[in-house]
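Chemist: So the sequences go chain by chain: R and G.
First residue of the first sequence: 1, per this note's numbering; consecutive thereafter.
First residue of the second sequence: 1001, per this note's numbering; consecutive thereafter.
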Amino acid sequence: MISDITIGQFMPGRSFIHRMDPRMKIITMAALIIFVFLARNMLSMGLMLGFTFISMLITRISPKMYFKGLKAIWFLIIFTSVLNMLYIGGDTVVFKWWIFTITAEGLWQSAFIAMRLVLIIIISSMLTYTTSPTDLTAAIERLLAPLNWIKIPVHELAMMMTIALRFIPTLLEETEKIMDAQKARGADMENGGVMKRAKALIPIVIPLLISSFRRAFDLATAMDCRCYTSGSGRTRLNVLRYRFRDAVAFVTTAAVCTGIIYLNMLSPSLVQ
Amino acid sequence: MENINITSDISQSASDVQISAQDVYFEYESTDGTEPKKVLRGVSIDIRKGEFVALLGHNGSGKSTIAKHMNAILLPSGGRVLVSGMDTSDESLLTEIRRTVGMVFQNPDNQLVATIVEEDVAFGPENLGIPSKEIRALVDDALKAVGMYEYRRHAPHKLSGGQKQRVAIAGIIAMRPKCIVFDEPTAMLDPRGRQEVMDTIDKLTGELGITVVLITHYMDEAARADRVIIIDDGKILTEGKPSEVFSHIDMLRKHHLDVPQSTELAQYLRGMGYDIPADVLTPEECARAIFAVRHR
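#1: Closest to R:Phe-250 by C-alpha separation, out of R:Gln-9, R:Ile-26, R:Ser-15, would be which residue?
#2: Give a yes or no on whether the C-beta atoms belonging to G:Tyr-1025 and G:Pro-1076 are separated by under 8 Å.
#3: For R:Leu-47, which residues of its own chain have a beta-carbon under 8 Å away from its beta-carbon, when the five flanking residues on both sides are left out?
#4: Strictly by DSSP, which residues pair up with G:Leu-1214?
#5: For G:Pro-1298, which residues from the same chain have a beta carbon less than 7 Å from its beta carbon, with the 5 sequence-adjacent residues on both sides left out?
#6: Can you tell me where the alpha helix (DSSP H) holding R:Gln-182 begins and where it ends?
#7: Would you say the beta carbon of G:Val-1228 comes nearer than 7 Å to a heavy atom of the ligand FMN?
#8: Does G:Met-1103 come within less than 8 Å of chain R when only Cβ atoms are used?
#9: Anything in chain G within Cβ reach of R:Asp-218, meaning under 8 Å, just list it in chain order.
#10: Below 8 Å on the Cβ atoms is my contact criterion, and I expect G:Asp-1250 with G:Gly-1057 to pass it. Report the Cβ-Cβ distance as a whole number of Å.
#11: Suppose contacts are defined by Cβ-Cβ distances below 8 Å. Is R:Cys-294 in contact with G:Met-1103 by that definition?
#12: Counting only Cβ pairs nearer than 8 Å, list the residues of chain G close to R:Met-161.
#13: Where do the ends of the alpha helix (DSSP H) carrying R:Val-251 lie?
#14: Is DSSP giving R:Thr-131 helix, strand or coil here?
#15: Tell me R:Tyr-87's beta-bridge partners as DSSP assigns them.
#16: Need the endpoints of the beta strand (DSSP E) that G:Ile-1236 sits in, please.
#17: Please classify G:Gln-1195: is it buried, with 16 or more other beta-carbons within 10 angstroms of its beta-carbon, or exposed?
#18: Where DSSP assigns a beta bridge to G:Ile-1229, which residues make up the other side?
#19: Does the pairing of the stretch 49-65 of chain R with the stretch 79-87 of chain R give three or more beta-carbon distances under 8 Å?
#20: If we define contact as Cβ-Cβ less than 8 Å, is R:Asp-4 a contact residue for chain G?
#21: Could you have a look at G:Gln-1018 and say whether DSSP puts it in helix, strand or coil?
#22: Measuring only the C-alpha atoms, how far is R:Leu-219 from G:Phe-1182?
#23: Quick one: which residues of the stretch 226-242 of chain R get their C-beta closer than 8 Å to a C-beta of chain G? List them in chain order.
#24: DSSP on G:Arg-1080, reduced to helix/strand/coil?
#25: For G:Ile-1066 and G:Leu-1040, what's the separation of their Cα atoms in angstroms?
#26: Report the rounded CA-to-CA distance for R:Ala-158 versus R:Ser-230, giving the unit in angstroms.
#27: So, for R:Ile-123: in the same chain, excluding its five sequence neighbours on each side, which residues have a beta-carbon less than 7 Å away from its beta-carbon?
#28: Which same chain residues, not among the five before or five after G:Phe-1246, have their C-beta less than 8 Å away from its C-beta?
#29: Within the 8 Å Cβ cut-off, does G:Val-1081 reach chain R?
#30: Please classify R:Glu-356 as buried or exposed, where buried requires at least 16 other C-beta atoms within 10 Å of its C-beta.
#31: Just checking: is the beta-carbon of G:Leu-1128 within a distance shorter than 8 Å of some beta-carbon in chain R?
#32: Scan the stretch 1124-1202 of chain G and note each continuous alpha helix (DSSP H) run of 4 residues or more that stays entirely inside, going in chain order.
#33: So, with DSSP's three-state summary, where would you put G:Lys-1049?
#34: For the stretch 1065-1095 of chain G, which residues have a beta carbon sitting closer than 7 Å to at least one beta carbon of chain R?
#35: Note down, in chain order, each residue of its chain lying with its Cβ closer than 8 Å to the Cβ of R:Phe-277, except the 5 sequence neighbours on either side.
#36: Less than 8 Å between the C-beta atoms of G:Ile-1173 and G:Val-1212, yes or no?
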């Protein structure tokens, strides 16, 4: 069933990383992603790879799941690597054939690009795998709170995200129902060219839109009844709180980032 | 289930009244410039504290419209509505009014806001600015009251219709209202879900002492109330104890309303000459009456 799709693919668990404050997860993982780009030689990149690998083990989520996330971009990784391998010039020629020249510099460059892409996917998957959408929304709302100063309605945006997450399964279920209803009336959605199939979508999209508007009106009334006005003066059931483990994560991440800068200075850069 | 109290003889002092609709008129403005559509035409209802009142009427009778006046979702075009003495047209009292009178709607899906049950129940208290620790207690109590405590960490979309509706009720209870208005809460549920919701409503009126206004078109549900008010064409047609109201089968028929099946059967048997009381409401009462005839 399509309604079984989970958004962000949260995989519940009790690991150290699962139980971190979602704000700290976002902060540390954002820092790591930035430092993925700063690692410039094998020593610092090795540290990055090692730390990410250990983190993966800590989440107790099967490495298969992480590789699943990579599947979608295999082509992109290979494509950019090959392009880099061919276009980056250098002095130490390894291989030459017809108009193609491959240099050691080019090889390193493409290897680093591949490693960077893989690391970014793994780190961001780690965030969505270990954090529930609710926690993620709450954390984003809190982290972006300073934007209120420049009149960006952060709470309202977060509320919209929550409601969207809440209604995605409901609307998927409804789409299925409408599709079945239209099929029962003889609608053909599987055959024909692109135009024909696009046209076949109209009798599904229109009822879905209309019912969404009705849901929106209903929900707005229900929210009114429950005294919703806006962000100001609201309290929360679950208050986000930094704990000892978040301090540990912060210090460890900071140490790794410092380590990367230090290791960068020990040997020459392999990337431009 | 059979706590049909006789409340109509309680003396009616002003402090006893929870909601008072006084000669309420309401009309929708038409968009095409024709005559505005008059939905309510002088409705006066007093709902007493702790009372369980059922509002009956067929589609378009105005029963939902009067319900929406009870917590200022709609404001009267004429007359006024008082909630615990507060006039619903006074905007400064809005939060207090909605905190006093909660509302549960027909479609359980369209009133749940959050992706986790307990966070949804917490939505009302959060809006009221109640401190986190107290919210936790309110949420747990409310979920226990509707029997959904074990499901507190579940996602609403994985629950059955009846369960969703109970979560919606918990979301209202968590705001500790004095009165809850139910706008056809069982219309979209299967028989089992209906039973769950009606049992929960019984619990609210019984154990928790909450005033309940139930809008419905199921006669069996209305039969459980202390008082039944029948609305037809924007006016009150009749009101009284369920047994009194449902004994006027012909009058109800004329206004396209059913009576509970047990009452109908009892009346039919009376017509055939059996000695069965006219005010039979529930299947149990009906069975007992027929049993009594057989063994006379």
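Positions of the beta carbon are idealized from the N, C-alpha and C atoms, including for glycine.
Modeler: So, from the data block:
#1: Indexing the first sequence from 1 puts residue 250 of chain R at position 250. Nearest option by C-alpha distance: R:Ile-26.
#2: Your numbering for residue 1025 of chain G matches position 25 in the second sequence. Your numbering for residue 1076 of chain G matches position 76 in the second sequence. Their beta carbons are under 8 Å apart, which means G:Tyr-1025 touches G:Pro-1076 by this criterion.
#3: As a working note, residue 47 of chain R is residue 47 in the first sequence. Excluding positions up to five away in sequence, the list reads Ala-39, Val-256, Gly-259, Ile-260, Leu-263.
#4: For the purposes of this step, residue 1214 of chain G is identified with residue 214 of the second sequence, where counting begins at 1. BP columns for G:Leu-1214 point to G:Ala-1054, G:Phe-1182.
#5: Any question about residue 1298 of chain G goes unanswered here, given that chain G covers just 1001 to 1296.
#6: Counted from its first residue, the first sequence places residue 182 of chain R at position 182. From DSSP, the alpha helix (DSSP H) with R:Gln-182 extends over 154-184.
#7: With respect to the ligand FMN, the structure offers nothing, as it holds no ligand at all.
#8: Walking along the second sequence from the start, residue 1103 of chain G turns up at place 103. Chain R, which has a Cβ nearer than 8 Å to the Cβ of G:Met-1103, makes this yes.
#9: The sequence position of residue 218 of chain R within the first sequence is 218, counting from 1. Phe-1105, Asn-1107, Asn-1110, Gln-1111, listed in chain order.
#10: Against the second sequence, residue 1250 of chain G aligns to sequence position 250. Against the second sequence, residue 1057 of chain G aligns to sequence position 57. Going by Cβ atoms, the distance from G:Asp-1250 to G:Gly-1057 rounds to 18 Å, so no, they are not a contact pair.
#11: This structure leaves residue 294 of chain R out entirely; chain R is present only between 1 and 272.
#12: Position 161 of the first sequence, counted from the first residue, corresponds to residue 161 of chain R. None at all; the shortest Cβ gap to chain G is about 10 Å.
#13: By one-based count along the first sequence, residue 251 of chain R stands at place 251. Segment 244-266, the alpha helix (DSSP H) holding R:Val-251.
#14: For the purposes of this step, residue 131 of chain R is taken as the residue at position 131 of the first sequence. The answer is coil: DSSP assigns R:Thr-131 none of H, G, I, E or B.
#15: Numbered from 1 along the first sequence, position 87 holds the residue referred to as residue 87 of chain R. Answer is none; R:Tyr-87 lacks a bridge partner.
#16: Taking the first residue of the second sequence as 1, we reach residue 1236 of chain G at position 236. Looking at the DSSP string, the run of the beta strand (DSSP E) that includes G:Ile-1236 is 1235-1240.
#17: The residue labelled residue 1195 of chain G in the question sits at position 195 within the second sequence. Per the 10 Å Cβ criterion, exposed.
#18: Along the second sequence, one-based indexing puts residue 1229 of chain G at 229. The partner list for G:Ile-1229 (beta bridge, DSSP) reads G:Leu-1055, G:Glu-1239.
#19: no
#20: The residue given as residue 4 of chain R occupies position 4 in the first sequence. For R:Asp-4, the pLDDT reaches just 42, beneath the cut-off of 50, and the residue's location in the model is therefore unreliable, leaving the point undetermined.
#21: As a working note, residue 1018 of chain G is residue 18 in the second sequence. If DSSP states are grouped into helix, strand and coil, G:Gln-1018 belongs with the strands.
#22: As a first step, residue 219 of chain R must be located in the first sequence, where it is residue number 219. As a first step, residue 1182 of chain G must be located in the second sequence, where it is residue number 182. If I take the Cα positions, the gap works out to 15 Å.
#23: Arg-226, Cys-227, Tyr-228, Thr-229, Gly-233, Arg-234, Thr-235, Arg-236, Leu-237, Asn-238, Val-239
#24: Counting from one through the second sequence, the residue named residue 1080 of chain G turns up at place 80. Of the three classes helix, strand and coil, the one that applies to G:Arg-1080 here is strand, per DSSP.
#25: By one-based count along the second sequence, residue 1066 of chain G stands at place 66. By one-based count along the second sequence, residue 1040 of chain G stands at place 40. Rounded to whole angstroms, G:Ile-1066 to G:Leu-1040 spans 7 Å at the Cα level.
#26: Position 158 of the first sequence, counted from the first residue, corresponds to residue 158 of chain R. Position 230 of the first sequence, counted from the first residue, corresponds to residue 230 of chain R. Their backbone Cα atoms lie some 11 Å apart in a straight line.
#27: Translated into positions along the first sequence, residue 123 of chain R becomes position 123. So the qualifying residues of the chain are Met-29, Leu-32, Ile-33, Thr-52.
#28: Counting from one through the second sequence, the residue named residue 1246 of chain G turns up at place 246. Cβ neighbours of G:Phe-1246 beyond the five flanking positions: Met-1219, Ala-1223, Val-1228, Leu-1252, Val-1259, Pro-1260, Thr-1263, Asp-1279, Leu-1281.
#29: Against the second sequence, residue 1081 of chain G aligns to sequence position 81. So, not an interface residue.
#30: In the structure as shown, chain R begins at 1 and stops at 272. Residue 356 of chain R is therefore absent and cannot be evaluated.
#31: Position 128 of the second sequence, counted from the first residue, corresponds to residue 1128 of chain G. Yes, contact with chain R.
#32: 1132-1145, 1161-1173
#33: The residue labelled residue 1049 of chain G in the question sits at position 49 within the second sequence. Three-state result, G:Lys-1049: coil.
#34: Asn-1071, Ile-1073, Thr-1095
#35: With chain R covering 1 to 272 only, the question about residue 277 of chain R has no answer from this structure.
#36: Counting from 1 along the second sequence, the entry for residue 1173 of chain G is found at position 173. Counting from 1 along the second sequence, the entry for residue 1212 of chain G is found at position 212. No, they are not a contact pair.
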